[in-house]
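> Have a look at the structure that comes next, please.
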Ligand SMILES: [Fe+2]
Ligand SMILES: [Fe+2]
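Numbering (our numbering), first residue to last: -17 to 149.
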């Protein structure tokens, strides 16, 4: 049994934007928590549905928090692909919505303890989330981070230039 899943987050996800990196890291710890609870349930420990649902709901609610931060950043820097990026976030939320519906169906059938089917559904949603965040950060978020870095470098250069011109 492997219950410590802190390693789900990897250094390669760093974008060098503090607030965003912290939120991405937090997201993986939500996924780690679900994975650990599922491992414990599979090992025969009594895990309640409530324990799992706290983190499962966070896969949705924490995404809102993160998307607010990230999308404000894209708008601030007038990122050319901002609208396409926002659409990717919407697709994630739609997918989470359909997984949540499946979990809701199991929730009706299950009692207080998470049974085998409930654990399987929880694992499905958490695996989807891990895969989605990993790919999205490495491909799409990295792209805007590079753009912002470039704009920041140009601004800093202009400011230095402006500084030289001043008496
Ligand atoms: Fe994003
Ligand atoms: Fe992100």
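Even glycine gets a Cβ: it sits at the ideal position worked out from N, Cα and C. Given the structure is predicted, the values throughout are model-derived calculations rather than measurements.
(1) Is residue 40 near ligand 2, with its Cβ less than 7 Å from a heavy atom?
(2) Would you give the residue range spanned by the alpha helix (DSSP H) that residue 114 belongs to?
(3) For residue 41, I'd like the list of residues in its chain whose CB is within less than 7 Å of its CB, leaving aside the five on either flank, ordered along the chain.
(4) Leaving out five residues before and five after residue 76 in sequence, what residues of the same chain have Cβ atoms less than 7 Å from its Cβ?
(5) How many Å lie between residue -5 and residue 3 at the Cα?
(6) At a cut-off of 7 Å, is residue 52 close to ligand 1 when judged by its beta-carbon and the heavy atoms of the ligand?
(7) Only counting the same chain, and skipping five residues up and downstream in sequence, which positions put a Cβ closer than 6 Å to that of residue 23?
(8) Confirm, please, whether the CB-CB distance from residue 10 to residue -10 is below 8 Å.
(9) Buried or exposed: which applies to residue 140, given that a residue is buried once 16 or more other Cβ atoms fall within 10 Å of its Cβ?
(10) In chain order, what residues of the same chain lie with their CB nearer than 8 Å to the CB of residue 114, ignoring the 5 residues before and after it?
(11) Closest to residue 63 by CA distance: which of 128, 142, 134 and -7 is it?
(12) Would the C-beta of residue 119 count as close to ligand 2, meaning under 7 Å from any of its heavy atoms?
(13) Can you grab the Cα-Cα spacing for the pair residue 50 / residue 18, in whole Å?
(14) Enumerate, from N- to C-terminal direction, the unbroken alpha helix (DSSP H) stretches of 4 or more residues contained entirely within the region 22 to 68.
(15) Tell whether a beta-carbon distance below 8 Å holds between residue 36 and residue 104.
This is what the structure gives:
(1) The residue you call residue 40 lines up with position 58 of the chain shown. Residue 40: no, Cβ never under 7 Å from ligand 2.
(2) Within the chain shown, residue 114 is the residue found at index 132, counting from 1. Counted as a single uninterrupted DSSP element, the alpha helix (DSSP H) harbouring residue 114 occupies residues 98 to 117.
(3) What you label residue 41 is simply residue 59 of the chain shown in a count that begins at 1. Excluding residues within five positions, the ones whose Cβ falls inside 7 Å are 12, 78, 107 and 111.
(4) The residue you call residue 76 lines up with position 94 of the chain shown. Same-chain partners within the cutoff: there are none.
(5) Looking up residue -5 in the chain shown gives position 13. Looking up residue 3 in the chain shown gives position 21. Rounded to the nearest whole angstrom, the C-alpha separation of residue -5 and residue 3 is 8 Å.
(6) Here residue 52 refers to the residue found at position 70 of the chain shown. Result yes, Cβ under 7 Å from ligand 1.
(7) On the chain shown, position 41 is the one that residue 23 refers to. Taking C-beta separations shorter than 6 Å and ignoring five residues to either side along the sequence, the partners of residue 23 in its chain run 29, 96 and 101, following chain order.
(8) Here residue -10 refers to the residue found at position 8 when the chain shown is read from its first residue. Here residue 10 refers to the residue found at position 28 when the chain shown is read from its first residue. Residue -10 places its beta carbon less than 8 Å from that of residue 10.
(9) As a first step, residue 140 must be located in the chain shown, where it is residue number 158. The C-beta of residue 140 has fewer than 16 other C-beta atoms within 10 Å across all chains shown, which makes the residue exposed.
(10) Here residue 114 corresponds to residue number 132 of the chain shown, with the count starting at 1. Close CB contacts of residue 114 within its chain, under the 8 Å cut and outside five residues either way in sequence, are with 74 and 77 (chain order).
(11) Translated into positions along the chain shown, residue 63 becomes position 81. Of the listed residues, the one whose Cα sits closest to residue 63 is 128.
(12) For the purposes of this step, residue 119 is taken as residue 137 along the chain shown, with counting starting at 1. True, at least one ligand heavy atom lies under 7 Å from that Cβ.
(13) Locating residue 50 in the chain shown gives position 68, counting from the first residue. Locating residue 18 in the chain shown gives position 36, counting from the first residue. In a straight line, the C-alpha of residue 50 is about 28 Å away from that of residue 18.
(14) If we require 4 residues or more, the alpha helix (DSSP H) runs fully inside the region 22 to 68 come out as 31 to 58.
(15) Stepping through the chain shown from its first residue, residue 36 is reached at position 54. Stepping through the chain shown from its first residue, residue 104 is reached at position 122. Judged by beta-carbon spacing, residue 104 lies beyond the 8 Å limit of residue 36, meaning their Cβ atoms are not closer than that value.
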